[in-house]
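Numbering (the numbering used here), first residue to last: 808 to 1236. Idealized CB from N, CA, C, for every residue including glycine. Being a predicted model, the structure only gives us computed values, none of them experimental.
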Ligand SMILES: [Fe+2]
């Protein structure tokens, strides 16, 4: 599968040679009987460097569809769908999310863990786990509330979008902009699929500033991959689902909405291989703040205060001398949701498993468990390479409200999480 490379570029792609308006052709005067439709991810008047839009050349414009009815969703919940949430300053950890064994597609399998911020005011996020074993065949979805980031933990999928198809396997993330229609299928031969999903109600993810790091490093723009145009020309009975104001709506369709034959713009879905992250870290002493691992950030109006930072902890060399190498104990005004894609996490070598999760809200202390602390203080500080590990964090300026369905689901919440620190010895002399 071919991809366009870059981040924030004005891309263009066509699935039929010569159909994209070029030269003296107006973008709105389309060849080949297609309809021009602009999809805007920012207000028209957003500053040029933040302005996001794409021109789609579609077989049918989006106005050709049946009427929406609100259908809701039993486990993809929000405050507006009367989902129940708790507020707690406790450190929380969840065991791995169990795989669904009954037939289920991506949309049906979304299970909300936590929400924060306020989707009505374009801030904060929701976090879900998903586990499915079937493709969305005649069902399409768009999310008017949020940009969606998928972090795949198991299985292989194809995300069919209005702009083309992108493949995802574990260690890739995929981002689908607000309002872009898509369906998710399993790659032929894929094992059941599991992963984490973020809904970003705030500003779209962008690359972080690099400051003194310079022009290169962290996630490099050329490593982001955007699908090439590809379209479905299908008539029949289809369902279009819309996530809108925290609830799910459904409308009948007599054609596939993924009927964009060509497009140009910078409002695009993309994928990124986390193994390509250029990790920057200390070569002298101490454990730098985890912001050095930021892949993407959703900014807020307050400088340096993210709506969401997406941060990873990839395989890397640890060489710090004369120090305590693991993450330090800390309390933080920000709010942290962590997940694990593969391997183990250095602050918690047992107890935190792939498809598990932890939540540490504002000023809730956390850090290495007693076992990890003991190992770290006794360790000879030779250079060592951390292999087979990929933890990640969504860090937000808004406290997470865990969903009761996650807190109360039998076997999911680790009831003894805080015990992992209680045997830390008093060693003051
Ligand atoms: Fe932390």
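Skipping 5 residues on each side, what residues in its chain have a beta carbon closer than 8 Å to that of residue i?
i: residue 968; result: 983, 987, 988, 989, 1034, 1065, 1076
i: residue 879; result: 888, 1054, 1055
i: residue 809; result: 1035
i: residue 841; result: 826, 864, 865, 866, 1068, 1069
i: residue 1087; result: 1020, 1024, 1025, 1099
My guess is that residue i and residue j are in contact by the Cβ rule of under 8 Å, so how many angstroms apart are they, rounded?
i: residue 981; j: residue 966; result: 6 Å
i: residue 868; j: residue 844; result: 5 Å
i: residue 823; j: residue 1068; result: 6 Å
i: residue 1141; j: residue 1204; result: 6 Å
i: residue 818; j: residue 1073; result: 7 Å
i: residue 1120; j: residue 1152; result: 7 Å
i: residue 961; j: residue 1224; result: Actually they do not touch by this definition, with Cβ atoms about 23 Å apart.
i: residue 1222; j: residue 882; result: With a Cβ gap of about 22 Å, residue 1222 and residue 882 do not count as contacting.
i: residue 1160; j: residue 903; result: 5 Å
i: residue 848; j: residue 985; result: 6 Å
i: residue 1201; j: residue 1115; result: 6 Å
i: residue 1134; j: residue 1118; result: So it is not a contact: roughly 12 Å between Cβ atoms.
i: residue 1195; j: residue 1150; result: 4 Å
i: residue 931; j: residue 1009; result: 7 Å
i: residue 1188; j: residue 1128; result: 6 Å
Just list the residues that DSSP pairs residue i with in beta bridges.
i: residue 1109; result: Answer by DSSP bridge pairing: none, since residue 1109 is not bridged.
i: residue 864; result: 843, 1069
i: residue 961; result: 1001
i: residue 1013; result: 1104
i: residue 939; result: 1000
i: residue 1058; result: 1047
i: residue 1080; result: 979
i: residue 968; result: 971, 989
i: residue 1197; result: 1149
i: residue 1173; result: 1137
i: residue 922; result: 933, 1208
i: residue 902; result: According to DSSP, residue 902 bridges with nothing at all.
i: residue 1127; result: For residue 1127, which the question treats as bridged, DSSP gives no partner whatsoever.
i: residue 827; result: Its beta-bridge partners do not exist; DSSP assigns none.
i: residue 1167; result: 1143
So is residue i buried or exposed if we call it buried at 16+ other beta carbons inside 10 Å?
i: residue 1071; result: buried
i: residue 1158; result: buried
i: residue 1148; result: buried
i: residue 937; result: buried
i: residue 927; result: exposed
i: residue 954; result: buried
i: residue 1020; result: exposed
i: residue 1007; result: buried
i: residue 1168; result: buried
i: residue 1043; result: exposed
i: residue 1226; result: exposed
i: residue 1186; result: exposed
i: residue 919; result: buried
i: residue 995; result: exposed
Output needed for residue i: all residues of its chain with C-beta closer than 6 Å, excluding positions within five of it in sequence on either side, in chain order.
i: residue 873; result: 1058, 1059
i: residue 1028; result: 813, 814
i: residue 1082; result: 978
i: residue 839; result: 826
i: residue 811; result: 818, 1033
i: residue 917; result: 883, 935, 937
i: residue 835; result: 843
Using a threshold of 7 Å, is the CB atom of residue i nearer than that to any non-hydrogen atom of ligand 1?
i: residue 1143; result: yes
i: residue 1139; result: yes
i: residue 1173; result: yes
i: residue 1094; result: no
i: residue 1167; result: yes
With a CB to CB cut of under 7 Å and the five nearest residues on each side skipped, what residues in its chain are close to residue i?
i: residue 1014; result: 814, 1026, 1028, 1103
i: residue 1078; result: 973, 975, 979, 980, 981, 1032
i: residue 1214; result: 893, 1220
i: residue 875; result: 1049, 1056, 1057, 1058
i: residue 958; result: 980, 1002, 1003, 1146, 1148, 1199
i: residue 1230; result: 1177
i: residue 1191; result: 1125
i: residue 837; result: 828, 843, 864
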